[in-house]
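Novice: If you're matching positions, the sequence shown starts at 0 in numbering that gives the first Met the number 0 and goes up one per residue.
Backbone N, C-alpha and C fix where the C-beta goes; we use that ideal spot for every residue, glycine too.
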Amino acid sequence: MRFSYPRFYMGKERIETLVDGIFAIVMTLLVLAIVVPQRQVVMREIGFDELIMSRVQDIANYALSFVLLSIFWVQHHEQSHFIKRTDRIHLWINLLTLLFVALFPFSTSLVSQFPEKDLAEAIFGFNMFIVGILFAVNWAYATKGRHLVDGGITDEQIAIGRNICLLFLGISGLAILLSQSHPKISADVFWIIPAVMMAERLFKRRQKG
0 MRFSYPRFYM GKERIETLVD GIFAIVMTLL VLAIVVPQRQ VVMREIGFDE
50 LIMSRVQDIA NYALSFVLLS IFWVQHHEQS HFIKRTDRIH LWINLLTLLF
100 VALFPFSTSL VSQFPEKDLA EAIFGFNMFI VGILFAVNWA YATKGRHLVD
150 GGITDEQIAI GRNICLLFLG ISGLAILLSQ SHPKISADVF WIIPAVMMAE
200 RLFKRRQKG
């Protein structure tokens, strides 16, 4: 009895729709990490000004995770521009990626509620690291032999996609190491990723100008 079909290619539209939907839901759920107590509790025990000050780090963590997820989504969008078809292995790579993307609200809540705990920061770093690995695997699989991508894609374009994944992996590794000695600042190193990408874009624009 056979349980699998012979290898064949499929359209990529459904996986793109699923990816867009999951990213939209996860990015929306991130805001739930910013917990606001009931008005009576705030006015009686905390005070409004103190509440706002105590949520600054939560808002910063929300912004960081939102920016990182945005970069991942843009990267997936750019990969999909070159990927013209999919197969069963490629589908499962994307589904596994979404499994860990969906953990972002959880790992973000951990670093918001327990910023002094090295394990909380390490979990956030590992979450990023695993998603980065899966993005790299997705790109490597799609471009291997150019069997899923546009035949006109250049080696330089393939290298750019690979280098972006390596940037994520390098910063994630650094954050995991820092979480063991400086947990309160380990997540902040992820701001290097948007900073580097923005600097690289500005440099290219200046060169063209």
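#1: Please state if the CB of GLY131 and the CB of ALA174 are separated by a distance shorter than 9 Å.
#2: For LYS11, collect the residues of the same chain with a Cβ closer than 8 Å to its Cβ; drop the 5 residues on either side in sequence, then sort them by chain order.
#3: Can you have a look at TYR4 and say buried or exposed, based on whether 16 or more other CB atoms are within 10 angstroms of its CB?
#4: When you compare the CB positions of ALA121 and LEU168, do they come within less than 9 Å of one another, or not?
#5: Three-state secondary structure (DSSP) at VAL34?
#6: Go through its chain and collect everything with a Cβ distance to LEU177's Cβ below 6 Å, but skip five positions before and after it.
#7: Please say whether PHE22 and LEU68 have beta carbons closer to each other than 9 Å?
#8: Assign THR27 to one of three DSSP states: helix, strand, or coil.
#9: Straight-line CA distance for MET0 to ILE88?
#10: Less than 8 Å between the CB atoms is what I'm expecting for THR107 and LEU133, so what's the real figure, rounded?
#11: I think ASN137 touches PHE99, with their Cβ atoms under 8 Å apart; what is that distance to the nearest whole Å?
#12: Can you say whether ILE192 is buried or exposed, counting buried as having 16 or more other CB atoms within 10 angstroms of its CB?
#13: Closer than 6 Å by C-beta to ASP70: which residues in its own chain qualify, once you throw out the five before and the five after it? Chain order, please.
#14: With C-beta atoms as the reference, is TYR61 less than 9 Å away from ILE24?
#15: How would you label SER171, buried or exposed, when you count the other beta carbons within 10 angstroms and need 16 or more for buried?
#16: For LEU165 and VAL195, which I take to be in contact (beta-carbon distance under 8 Å), what is that distance rounded to the nearest angstrom?
#17: Suppose the cutoff is 7 Å on Cβ atoms and the five residues either side in sequence are ignored; what does the same chain contact list for SER64 look like?
Specialist: Well, looking at it:
#1: Translated into positions along the sequence shown, residue 174 becomes position 175. Translated into positions along the sequence shown, residue 131 becomes position 132. Taking 9 Å as the cut-off, the beta carbon of ALA174 is found no closer than this to the beta carbon of GLY131.
#2: As a working mapping, residue 11 is identified with position 12 in the sequence shown. Take LYS11, set aside five residues on each side of it, and the residues of its chain with a beta-carbon closer than 8 Å to its own are SER79, ILE82, LYS83, ARG84 and THR85, in chain order.
#3: Start at 1 with the first residue of the sequence shown, and residue 4 comes out as number 5. With a pLDDT of 48 at TYR4, under the threshold of 50, the predicted position of this residue should be treated as unreliable, and no value is reported.
#4: Translated into positions along the sequence shown, residue 121 becomes position 122. Translated into positions along the sequence shown, residue 168 becomes position 169. Result no, Cβ atoms of ALA121 and LEU168 do not sit closer than 9 Å.
#5: Within the sequence shown, numbered from 1, the residue matching residue 34 stands at position 35. When secondary structure is reduced to three states using DSSP, VAL34 falls in the coil class, being assigned neither helix nor strand.
#6: Position 178 of the sequence shown, counting from 1, holds the residue named residue 177. The answer, listed in chain order, is SER185.
#7: Here residue 68 refers to the residue found at position 69 when the sequence shown is read from its first residue. Here residue 22 refers to the residue found at position 23 when the sequence shown is read from its first residue. Yes, they are a contact pair.
#8: The residue you call residue 27 lines up with position 28 of the sequence shown. Reduced to three states, the DSSP call for THR27 is helix.
#9: By one-based count along the sequence shown, residue 0 stands at place 1. By one-based count along the sequence shown, residue 88 stands at place 89. Summary for MET0: the model assigns pLDDT 49, below 50, so the residue's position carries little reliability; its value from the coordinates is reported in the next sentence. One C-alpha to the other measures close to 21 Å.
#10: For the purposes of this step, residue 107 is identified with residue 108 of the sequence shown, where counting begins at 1. For the purposes of this step, residue 133 is identified with residue 134 of the sequence shown, where counting begins at 1. Going by Cβ atoms, the distance from THR107 to LEU133 rounds to 18 Å, so no, they are not a contact pair.
#11: In the sequence shown, counting from the first residue as 1, residue 137 sits at position 138. In the sequence shown, counting from the first residue as 1, residue 99 sits at position 100. Actually they are not in contact, since the Cβ atoms of ASN137 and PHE99 sit about 12 Å apart, beyond 8 Å.
#12: Looking up residue 192 in the sequence shown gives position 193. By the 10 Å Cβ count, ILE192 comes out buried.
#13: For this step, residue 70 is matched to residue 71 along the sequence shown. The identity of residue 70 in the sequence shown is Ile, whereas the question assumes Asp. For ILE70, where only same-chain residues beyond five positions count, there are no Cβ hits under 6 Å.
#14: On the sequence shown, residue 61 is found 62 positions in, with the first residue counted as 1. On the sequence shown, residue 24 is found 25 positions in, with the first residue counted as 1. Using a Cβ distance threshold of 9 Å, TYR61 and ILE24 do not count as a contacting pair.
#15: Here the question's residue 171 lines up with position 172 in the sequence shown. Buried.
#16: Looking up residue 165 in the sequence shown gives position 166. Looking up residue 195 in the sequence shown gives position 196. About 11 Å; that fails the 8 Å criterion.
#17: Numbered from its first residue, the sequence shown carries residue 64 at position 65. Answer for SER64: LEU29, PHE103 and THR107, listed in chain order.
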